[in-house]
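Scroll down for the structure; my scribbles are underneath it.
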Amino acid sequence: MGGEYINLSSGNLMQEHLCCIIREKKPHPGVEAKRRWLAARLPEGHMFRKLNAKGCAFIEYAPLERAWVPVMGENYLYIYCLWVDGALKKHGYGQELMEYCIFDARSKAKSGICMLGADKQKAWLSDQSFAQRFGFQPVDRTEDGYQLLALSFDGTEPRFAPRVRHPELSDQQLTIYYDMQCPFILDRVEKLRAYCTEHAIPAAFVLVDTLAKAKSVPGVFNNWAVFYRGKLQTVNQLSPAMLEKLISRCDG
Numbered sequence: 338m339g340g341e342y343i344n345l346s347s348g349n350l351m352q353e354h355l356c357c358i359i360r361e362k363k364p365h366p367g368v369e370a371k372r373r374w375l376a377a378r379l380p381e382g383h384m385f386r387k388l389n390a391k392g393c394a395f396i397e398y399a400p401l402e403r404a405w406v407p408v409m410g411e412n413y414l415y416i417y418c419l420w421v422d423g424a425l426k427k428h429g430y431g432q433e434l435m436e437y438c439i440f441d442a443r444s445k446a447k448s449g450i451c452m453l454g455a456d457k458q459k460a461w462l463s464d465q466s467f468a469q470r471f472g473f474q475p476v477d478r479t480e481d482g483y484q485l486l487a488l489s490f491d492g493t494e495p496r497f498a499p500r501v502r503h504p505e506l507s508d509q510q511l512t513i514y515y516d517m518q519c520p521f522i523l524d525r526v527e528k529l530r531a532y533c534t535e536h537a538i539p540a541a542f543v544l545v546d547t548l549a550k551a552k553s554v555p556g557v558f559n560n561w562a563v564f565y566r567g568k569l570q571t572v573n574q575l576s577p578a579m580l581e582k583l584i585s586r587c588d589g
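Right, here's the structure in full:
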């Protein structure tokens, strides 16, 4: 316990690593895309706080009104990600990061904090059982098994945006919504575009590049949603091989 932490700012954003992908010499296109995304978000109150170490231990959150997620509410913070990985696990860093977020919310007189969960824990979601130890409870849910968890200080509750409850598109072709918050996405999109072109698969890649688009995206996850035959198929990032299996399953 008692780690040393760094809050990213306009002054140190270009020098500090972003935890998910750490490169010392050659710049990584996905990381640089996220740096640009963060540079625009930091003045809006976005927080990226990380352990001062070479590794993955960080929390990322923002005022809900400015958070790029299809969640509505007033005076809340939204946690995008709380992740501790590898050798940094089991040192209490996750607890310290969550405690900082709660302290930050209370010091700013927020109504509470919320985050995405699910009926069954997903590998890419922050540990919801861990969050529940701090008092987070489900306050809204979708028909496909996702939950909105909230730690309310005043009894108010946030909610999912209407399109999230029934995620469907009239367009039947492959449609992928994405943004640049995750440093892995740029590479995913480039490979899937190439695969669709090579195999003559009609596809629309929809860049979520404004807050309004993020608030109205028809998938529960803020930076990735894959639709096919009008239905939300997955919020998991896909390789070309995984996409091939998905299309085969849906068309089979």
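Counting from 1 along the sequence shown, just add 337 to a position and that's the residue number in the working numbering. Every residue, glycine too, gets a C-beta built ideally from N, C-alpha and C.
With 16 or more neighbouring CB atoms inside 10 Å of its own CB, A468 falls in the buried class.
Distances from the CA of G339 to each of Y437, L453, R502, P407 were compared; the closest alpha carbon is that of Y437.
In this model, H536 and L583 are separated by some 14 Å (Cα to Cα). Contiguous alpha helix (DSSP H) elements confined to the region 400–453 occur at 430–444, taking only those with 4 or more residues. The Cβ-Cβ distance between F542 and R530 falls below 8 Å.
For the pair M579 and L511, the Cα-to-Cα distance works out to about 14 Å. Per the C-alpha coordinates, the member of M517, F564, V554, C451 positioned closest to G367 is M517. Under the DSSP definition of a beta bridge, A487 partners with C451, Q474.
DSSP assignment within the region 493–539 yields the following whole beta strand (DSSP E) runs of 3 residues or more, N-terminal first: 511–515.
Contact between L414 and K447 holds, since their C-beta atoms are separated by about 6 Å, short of 8 Å.
The beta carbon of C357 is closer than 6 Å to those of P520 in its chain, skipping five residues each way along the sequence. Boundaries for I343: no alpha helix (DSSP H) harbours it, while the beta strand (DSSP E) harbouring it runs 342–344, taken from the DSSP string. Taking 8 Å as the cut-off, the Cβ atoms of A498 and K552 count as close.
A Cβ-Cβ contact shorter than 8 Å links H503 with E480. The Cβ atoms of D464 and Q484 lie no closer than 8 Å to each other. Look at L462 here: in three-state DSSP terms it is coil, with no helix or strand label. Secondary structure note for K457: it is in no alpha helix (DSSP H), with a DSSP letter that is neither H nor E. Residue environment for L544: exposed (fewer than 16 other C-beta atoms within 10 angstroms of its C-beta). Of the residues assessed, A377 falls on the exposed side of the cut-off, its CB having fewer than 16 other CB atoms within 10 angstroms.
E353 sits in coil when the DSSP states are folded into three classes, being neither helix nor strand. Residue environment analysis places R373 among the exposed positions, since fewer than 16 neighbouring C-beta atoms fall within 10 angstroms of its C-beta. As far as DSSP is concerned, K391 takes part in no beta bridge.
Collapsing the DSSP output to three states places F558 in coil.
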